[in-house]
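Visitor: Residue numbers (my numbering): 24 to 556.
Next up is a structure, given as structure tokens.
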């Protein structure tokens, strides 16, 4: 690169670079070694305003912070590889169309998505990291030039190499994230928050400085190798070399803008320092950070919460689908059998996670309070089991109250039965289910969640539904999915138990018949005369 290029870099580094992403984008251009790569670098330096703006746009314009990370321990969650591929394709398209101004911006944006996952704090999220994220990044920005110099002087420094396989860009980002994540906890443990408050350069000790310096070198060399690959791909695609751009005018214009850029740099420094100070003050005052939480961390928390909810929903849905398939298969096999047994009576689960058992006092059943339970005790019904075994008409006659009718008792029995059969059911849930017309586990197992939710919402709007809810919200779609799945599993278990019991009964009857035949065969036959006598 010419002397103008070196002079331009010095001006940009001194006045125009306000963040580590600016430094990464600029310092990597010095490490580009191929001829095609240097031609691309000349275009990036010529359009340095767009190039450096693109390097910060993901933070200040796009704010898609979920695409800046790769959380290694969470199944490599994060959109950095995907979005990096999109911007690499866009860079190639602009270079092919000779839109070098737009290509410089695309290259700057791409550099952000490539280098962000090399920062250890972008490879996981913990409560401690929530507090230290902004102070650590602030300290790294202030000592960046020292860290880069330390990496250059280290004889064992790490460098970046690219694969020749398809998907090389995404694989490079994932490999870098894995390496950075190995230093995640070490960086948090070795950061001195109190020292950084007075002097940002004192926040990193020798251990953390060595770690960060190696990762800075990895970011710079990695981006340099990607620029070389991008230039080679662009020239191969177009069949012509990228034009070498002149740097005289860009150098002059960058020098003219030095005063206002230096002023902007000082303002940025002051604003960021105040943000860090407010964060530290809140942490000391409350022991947590909420009001001054960086927007990056806040957005990531929300997106991760949504991601995990969707993951749980998909797992519950898959579980429900598997249960339905098993239930359908079992019913099909049952229809093909020659058995014509009577319909199965309602059952009571023996699982430990149900909220109601037959031995529990009747007052624990849904819809039955202390006064009503005392009325039942007066007719000899004390437990849930007593209530389920008794005849509804007989109980109605013996209670002799106008408001406890046969229909009322039937609804209470259905509520009680569901609570005994299905795990973790709340009283208001079984009350809403029975009120909506789902009085048996079998009916729940055979319905779909959309129909069930519609019925629940309709009943919840009635006077009885509102009285059962008592200000609470109806069950969510996810909760109804779980209830249907539990009902399907309960029916499968019931039918398997019935089938096993039926098989045992047949075996017992066959054994008895065989034994009778053996006993008959063992006795001597009497003559007709002897029998007549």
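Every residue, glycine too, gets a C-beta built ideally from N, C-alpha and C.
Keep in mind that this is a model prediction, so the values were computed, not measured.
Mind pulling the alpha helix (DSSP H) runs of 4 or more residues that sit fully within the stretch 383-434?
Guide: 393-401, 407-412 and 415-422
Visitor: Which full runs of the alpha helix (DSSP H) of 4+ residues lie inside the stretch 280-325, going along the chain?
Guide: For the stretch 280-325, the full-length alpha helix (DSSP H) segments reaching 4 residues or more read 281-309 along the chain.
Visitor: If you check the beta carbons only, do residue 133 and residue 111 fall under 7 Å apart?
Guide: Within the chain shown, residue 133 is the residue found at index 110, counting from 1. Within the chain shown, residue 111 is the residue found at index 88, counting from 1. Their beta carbons are under 7 Å apart, which means residue 133 touches residue 111 by this criterion.
Visitor: Under 8 Å, with one C-beta from each stretch per pair, do the stretch 193-213 and the stretch 231-239 reach the 3-pair mark?
Guide: yes
Visitor: Could you say which of 81, 79, 192 and 227 lies nearest to residue 170 if we only look at CA atoms?
Guide: Numbered from its first residue, the chain shown carries residue 170 at position 147. Closest option to residue 170, Cα to Cα, is 227.
Visitor: How many angstroms separate the CA atom of residue 27 from the CA atom of residue 270?
Guide: Your numbering for residue 27 matches position 4 in the chain shown. Your numbering for residue 270 matches position 247 in the chain shown. Cα to Cα, residue 27 sits roughly 6 Å from residue 270.
Visitor: Could you tell me which residues DSSP pairs with residue 227 in its beta bridges?
Guide: The residue given as residue 227 occupies position 204 in the chain shown. According to DSSP, which records beta bridges pairwise, residue 227 is partnered with 214.
Visitor: State the DSSP-derived secondary structure class of residue 46, mapped to helix, strand or coil.
Guide: Taking the first residue of the chain shown as 1, we reach residue 46 at position 23. Three-state DSSP puts residue 46 in a helix.
Visitor: By the three-class DSSP mapping on this structure, what secondary structure does residue 512 have?
Guide: The residue given as residue 512 occupies position 489 in the chain shown. Residue 512 falls in the helix class under three-state DSSP.
Visitor: Suppose you measure from the CA of residue 439 to the CA of residue 453; what does that come to, to the nearest Å?
Guide: Within the chain shown, numbered from 1, the residue matching residue 439 stands at position 416. Within the chain shown, numbered from 1, the residue matching residue 453 stands at position 430. Distance between the alpha carbons of residue 439 and residue 453 is about 8 Å.
Visitor: Relative to the alpha-carbon of residue 464, which residue among 130, 54 and 508 has its alpha-carbon at the smallest distance?
Guide: Here residue 464 refers to the residue found at position 441 of the chain shown. Closest by alpha carbon: 508.
Visitor: So, is residue 276 buried or exposed, given that buried needs 16 or more other C-beta atoms within 10 angstroms?
Guide: Within the chain shown, the letter at position 253 stands for residue 276. When all chains shown are included, residue 276 counts as exposed.
Visitor: Return the CA-CA distance between residue 94 and residue 156, expressed in angstroms with no decimal places.
Guide: Sequence index remark: in the chain shown, residue 94 carries index 71 (1-based). Sequence index remark: in the chain shown, residue 156 carries index 133 (1-based). Going from the Cα of residue 94 to the Cα of residue 156 covers about 15 Å.
Visitor: Looking at the secondary structure, which residues open and close the alpha helix (DSSP H) in which residue 162 lies?
Guide: On the chain shown, position 139 is the one that residue 162 refers to. It spans 150-165 - the alpha helix (DSSP H) in which residue 162 sits, taken as one unbroken run.
Visitor: Quick one: is residue 266 buried, meaning 16 or more other Cβ sit within 10 Å of its Cβ, or exposed?
Guide: On the chain shown, position 243 is the one that residue 266 refers to. Around the C-beta of residue 266, fewer than 16 other C-beta atoms lie within 10 Å, and the residue is accordingly described as exposed.
Visitor: Hey, out of 303, 36, 419 and 304, whose CA is closest to residue 72's CA?
Guide: By one-based count along the chain shown, residue 72 stands at place 49. Of the candidates 303, 36, 419 and 304, the one whose C-alpha sits nearest the C-alpha of residue 72 is 36.
Visitor: Does residue 275 have its Cβ less than 7 Å from a Cβ in chain D?
Guide: Absent from the structure: chain D. Only one protein chain is present.
Visitor: Reducing DSSP to helix, strand and coil, say where residue 21 ends up.
Guide: Within the shown structure, residues of the chain are numbered from 24 to 556, placing residue 21 beyond reach of any answer.
Visitor: Residue range of the alpha helix (DSSP H) that residue 112 falls in?
Guide: Residue numbering aside, residue 112 sits at position 89 when the chain shown is read from its first letter. Start and end: 103-119.
Visitor: In terms of residue numbering, what span does the alpha helix (DSSP H) encompassing residue 123 cover?
Guide: Along the chain shown, read from residue 1 onward, the residue named residue 123 stands at position 100. Unbroken alpha helix (DSSP H) run through residue 123: 123-138.
Visitor: Give the DSSP-derived three-state secondary structure of residue 534 in the structure shown.
Guide: Along the chain shown, one-based indexing puts residue 534 at 511. Its pLDDT being 47, under 50, residue 534 is placed unreliably by the model, and the measurement read from it follows with that caveat. Helix, per DSSP.
Visitor: Can you find at least 3 beta carbon pairs, one from the stretch 143-153 and one from the stretch 280-290, that sit closer than 8 Å?
Guide: no
Visitor: Need the endpoints of the alpha helix (DSSP H) that residue 197 sits in, please.
Guide: Position 174 of the chain shown, counted from the first residue, corresponds to residue 197. Per DSSP, residue 197 belongs to the alpha helix (DSSP H) from 191-204.
Visitor: Which residue's Cα is closest to the Cα of residue 41: 166, 255 and 104?
Guide: Taking the chain shown and counting its residues from 1, the one referred to as residue 41 is at position 18. When each option's Cα is compared against that of residue 41, the closest is 166.
Visitor: Between 498, 180 and 350, which lies nearest to residue 466 when the distance is taken from Cα to Cα?
Guide: Locating residue 466 in the chain shown gives position 443, where the first residue counts as 1. That would be 350, whose Cα lies nearest to the Cα of residue 466.
Visitor: Take the Cβ of residue 19 as the centre, count every other Cβ of all protein chains shown within 10 Å, and call the residue buried at 16 or more, exposed below.
Guide: No information on residue 19 is available, as it lies outside the stretch 24 to 556 that the chain covers here.
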